[in-house]
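Under the UniProt record's numbering, the first residue of the sequence shown carries the number 1, and numbering increases by one thereafter. A quick write-up on the structure given underneath.
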Amino acid sequence: MPMTHEQYEREQQMRAELETGFTDYDGFVGWVICPAREKCPSGLRGVFKPLKNGRLPMHRHGTYGEPCIGARQKPMRPAPVTTEEPR
């Protein structure tokens, strides 16, 4: 099922927040985005838990397909931090 215009806009907004390194979503703190952007099989909203060396884990096009060009690379930005004030 294709995305609605609202879903696409929300995805773009979330991606822009992640690219700045700040987000309001606690679930994304500590995760990174793939530098392959639209070419990543996970799409623009694909976030990954970085490996201990700071690089992205392996991810592929399909189950046994070609590796993503962003796999095992350094992420575009460091892991995001939350923009909320501590309680």
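Ideal Cβ placement from N, Cα and C applies to all residues, glycine included. Owing to the predicted nature of the structure, the values given are computational and were not obtained by experimental measurement.
Would you mind giving the Cβ-Cβ distance between F48 and C68, rounded to the nearest angstrom? I have them listed as a contact below 8 angstroms.
Reading the sequence shown from its first residue, position 48 is the one you call residue 48. Reading the sequence shown from its first residue, position 68 is the one you call residue 68. With a Cβ gap of about 10 angstroms, F48 and C68 do not count as contacting.
For S42, which of E6, E9, R15 and Y25 has the nearest alpha-carbon?
Residue mapping note: residue 42 aligns to position 42 of the sequence shown, counting from 1. Measuring from the Cα of S42, the nearest candidate turns out to be R15.
Using a 10 Å radius around the Cβ and a threshold of 16 neighbouring Cβ atoms, would you call V32 buried or exposed?
Taking the first residue of the sequence shown as 1, we reach residue 32 at position 32. The residue is buried, with at least 16 neighbouring Cβ atoms inside 10 Å.
DSSP three-state call for R15: helix, strand or coil?
Locating residue 15 in the sequence shown gives position 15, counting from the first residue. Residue state, collapsed to three classes: helix.
Output yes or no for whether 9 angstroms exceeds the beta carbon distance between A71 and P50.
Within the sequence shown, residue 71 is the residue found at index 71, counting from 1. Within the sequence shown, residue 50 is the residue found at index 50, counting from 1. Against a cut-off of 9 angstroms, the Cβ pair of P50 and A71 comes out as no contact.
Going along the chain, which residues of its own chain have a beta-carbon closer than 7 angstroms to the beta-carbon of residue 114, five neighbours each way excluded?
One cannot answer for residue 114 here, as it falls past the ends of the chain, which runs 1 to 87.
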